[in-house]
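The structure appears right after this line, and notes come after that.
Put into structure tokens, the structure is as follows:
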């Protein structure tokens, strides 16, 4: 036995579980056939045959053979990794709140594949429909993997054990064990024959007879009559007669004894097959049938109805739980009820189309009533996530009701705010297609969805598409909703980002100045949308080198956000805090920038996981601040981590990944890893034009980083040529008094000095120093770098007195600002040239 403490997460065992001895034996043999690296095994069969119950029974029966058993519901592939991530603390690994879901899940999988801390583990993926959804997750390891699925495609992927209906002897055994009164074997055989030995049908039949006291003979008589009726109507091809017949009898008994429970079951049939939050079933306004409205208004009757449905095996009820595994307390789990997808389909199919639409509208009302107010508040995201599983099955997109479409817009906002961009794109496309068809292109909800689609394009780095869509949407919004409508103002603010993404920094600043004026006029200074407009304008000032004004604006916005007068979201506040840390750094206050960036990251981690886009941005800015303050090793560690996350989450061509790559390259250079720095910087320089276009200022800044490394690696000629092209490109777009131009000019002067062209090096260096002094101040670190380099070049050119005077003045400033231990101070003191690298900020 292992010393590893037992970790256990499996649904409760069915006390009525019967038979399946041969199946469990075959499954165990299949699992044990490969003693070193077990190929995943699958229980495969159609709905209702008991795959899940067999998997649960396997786990309980062989639990002594495992140190760790973990149950992973796999109906929704997106939730698989989050369930895996919950296992991390049990393995002594950082949990998802510390590292993010993906990071924690990856760490769990890696540990299990290594057999650390135990090789005796079992993962059970229940109801995994598509192999492609979890293929990478279930790669072999020393433990065991068990999958349940209805999909025959698993047969070509893993070792599959088919699950069929019960053998007759097991059906008989089931009835003899399950029914309260004694039953003869012959009657049990008749029941099993009539129900086709389907476990779900048998369970319903036994539940009905047990709860009503109905004799088996009476049940058989009714079953025969009901089956004939069903067949005369035309049995659904995908369901066995036994299922439809057994279900029909249970439903008839419900109609007789508790009709409101029957109506509740019908309502549940129009949700998705995933667990339905119990909190949805509360009194709401809107299109709710009187019988359901009355039931929801009476908690006692509602509880009775749910209990009856559970007794008849028509719903599965999960009570609220604190969530415990392996003796450790985990996150809470809300109460839910769940209806088997077969029962849902049969319930829907027996109804006339107009009744289906009535109940579907009722479900929409319940979803609307359950949705939290603030979709961008992380505290509400678990509730949004529970509702998300029902958006498509409930056909929310088909509703023309304003409140239902408002619900859909909130779901899109939640998905976008939480960083789930793939789901955002899928759902927004569905809504737009249907709403445009039903209501026209200028409908308010269509325009809101287009705005959110434009935001999505921007988040994905599809800047040209975002700009084109947003410009067209703005024209339509102004015409349909008005210049001063809230949605129009939100979109107006977003277009500033589109202009920044095109490198039109001055145009963006002018646009956002007018936008902020309009926001303040219409919404007032304290509205959260106004606060976001202030943040946008601060970005513009930062990108046009007015760092002092950017800092003033961000301090103003933060005071408003923290003053309690307005409901600023956590995400907006984190953006403000991160932006403030960035602009403090750009002002040259490096040590203070580290503190502000560190505080921002600590604040953000209270509310967002480690892979959320806002956290990644805050971490990248902290890495840059650490680098500038001289803490190069800590900066490199942060940069490596954040770059790896960006690559894994968004791929190598996403603009945020490229910005993180630039940061990592600069950190590598500062730590002496010059070859690695060059390889990454060169690759990034070649990728940037695909995102921003050939003449974006960021492209030229990244080219300057490559030029700098050319010189460090001993090729000053290549450095000079590349820096000259970058200078010309920046000058065309931003002029000579922009910080980016002057950074590159300082490096270009160093290229010339190394090549022996001291005359031009001194001229360009002197001009850069003069302009930097006027732009960011004489004691700014970039200005000091220009001064230190110029002093060395002046002395080398024979102007010793002027060079010495400038050197002495510069060193006094270095000692007073950065201190004697800062790398820049030491390099300047040794009369070596300082290099100025570039880090692209967000747009």
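Residue numbers (the numbering used here): 12 to 854. Positions of the beta carbon are idealized from the N, C-alpha and C atoms, including for glycine.
Residue j beta carbon less than 8 Å from that of residue i
{"i": "residue 777", "j": "residue 756", "result": "no"}
{"i": "residue 622", "j": "residue 586", "result": "no"}
{"i": "residue 379", "j": "residue 414", "result": "yes"}
{"i": "residue 278", "j": "residue 360", "result": "no"}
{"i": "residue 598", "j": "residue 631", "result": "no"}
{"i": "residue 389", "j": "residue 619", "result": "yes"}
{"i": "residue 20", "j": "residue 81", "result": "yes"}
{"i": "residue 759", "j": "residue 795", "result": "no"}
{"i": "residue 514", "j": "residue 744", "result": "yes"}
{"i": "residue 689", "j": "residue 671", "result": "no"}
{"i": "residue 450", "j": "residue 411", "result": "yes"}
{"i": "residue 400", "j": "residue 375", "result": "no"}
{"i": "residue 84", "j": "residue 96", "result": "no"}
{"i": "residue 231", "j": "residue 202", "result": "yes"}
{"i": "residue 124", "j": "residue 103", "result": "no"}
{"i": "residue 448", "j": "residue 416", "result": "no"}
{"i": "residue 727", "j": "residue 601", "result": "no"}
{"i": "residue 459", "j": "residue 420", "result": "yes"}
{"i": "residue 839", "j": "residue 821", "result": "yes"}
{"i": "residue 571", "j": "residue 537", "result": "yes"}
{"i": "residue 348", "j": "residue 327", "result": "yes"}
{"i": "residue 423", "j": "residue 463", "result": "yes"}
{"i": "residue 708", "j": "residue 472", "result": "no"}
{"i": "residue 189", "j": "residue 217", "result": "yes"}
{"i": "residue 720", "j": "residue 663", "result": "no"}
{"i": "residue 38", "j": "residue 54", "result": "yes"}
{"i": "residue 636", "j": "residue 605", "result": "yes"}
Per DSSP, cross-strand counterpart(s) of residue i
{"i": "residue 645", "result": "Answer is none; residue 645 lacks a bridge partner."}
{"i": "residue 329", "result": "347"}
{"i": "residue 756", "result": "Paired residue(s): none; residue 756 is not in a bridge."}
{"i": "residue 170", "result": "52"}
{"i": "residue 159", "result": "54"}
{"i": "residue 18", "result": "79"}
{"i": "residue 292", "result": "Partner(s): none; residue 292 has no beta bridge."}
{"i": "residue 136", "result": "83, 158"}
{"i": "residue 287", "result": "348"}
Inter-residue CB distance, residue i and residue j (contact presumed, cutoff 8 Å)
{"i": "residue 129", "j": "residue 15", "result": "4 Å"}
{"i": "residue 848", "j": "residue 710", "result": "Their Cβ separation, rounded to whole angstroms, is 15 Å, which puts residue 848 and residue 710 out of contact at 8 Å."}
{"i": "residue 284", "j": "residue 355", "result": "6 Å"}
{"i": "residue 369", "j": "residue 300", "result": "7 Å"}
{"i": "residue 673", "j": "residue 851", "result": "6 Å"}
{"i": "residue 172", "j": "residue 34", "result": "7 Å"}
{"i": "residue 736", "j": "residue 714", "result": "7 Å"}
{"i": "residue 443", "j": "residue 434", "result": "At roughly 15 Å, the Cβ-Cβ gap does not stay under 8 Å, so residue 443 and residue 434 are not in contact."}
{"i": "residue 181", "j": "residue 29", "result": "6 Å"}
{"i": "residue 480", "j": "residue 468", "result": "6 Å"}
Option in the options with minimal Cα separation from residue i
{"i": "residue 93", "options": "396, 160, 501", "result": "396"}
{"i": "residue 17", "options": "464, 288, 98, 38", "result": "98"}
{"i": "residue 6", "options": "788, 781, 801", "result": "With the chain running from 12 to 854 in the structure shown, residue 6 is simply not present."}
{"i": "residue 551", "options": "522, 542, 532", "result": "522"}
{"i": "residue 23", "options": "30, 69, 727, 434", "result": "69"}
{"i": "residue 381", "options": "429, 423, 348, 288", "result": "288"}
{"i": "residue 754", "options": "660, 667, 816, 797", "result": "797"}
{"i": "residue 59", "options": "350, 823, 534", "result": "350"}
{"i": "residue 110", "options": "707, 677, 612", "result": "612"}
{"i": "residue 215", "options": "751, 190, 324, 222", "result": "324"}
{"i": "residue 117", "options": "72, 660, 559", "result": "660"}
{"i": "residue 532", "options": "719, 495, 183", "result": "495"}
{"i": "residue 750", "options": "738, 132, 718, 783", "result": "783"}
{"i": "residue 145", "options": "90, 418, 741", "result": "90"}
Proximity test, Cβ basis, 8 Å: residue i and chain C
{"i": "residue 542", "result": "The chain labelled as chain C is not found in the depicted structure, where only one protein chain is given."}
The stretch 267-277 / the stretch 310-328 touching (three or more Cβ pairs under 8 Å): The stretch 267-277 makes contact with the stretch 310-328: 3 or more CB pairs, one atom from each, lie closer than 8 Å.
Touch test, the stretch 725-732 against the stretch 691-698, Cβ-Cβ under 8 Å, three pairs minimum: In short, these stretches do not touch, since the Cβ pair count stays below three.
At least three beta-carbon pairs within less than 8 Å, the stretch 496-504 to the stretch 526-539: Taking 8 Å as the limit for Cβ pairs, the verdict is that the stretch 526-539 does touch the stretch 496-504.
Validate contact between the stretch 176-187 and the stretch 196-208 using beta carbons, cut 8 Å, 3 pairs: Taking one beta carbon from each stretch, the stretch 176-187 and the stretch 196-208 have 3 or more pairs nearer than 8 Å; the two touch.
The stretch 154-161 touching the stretch 127-146, judged by at least three CB pairs closer than 8 Å: Proximity of the stretch 154-161 to the stretch 127-146 meets the contact definition, three or more beta-carbon pairs being nearer than 8 Å.
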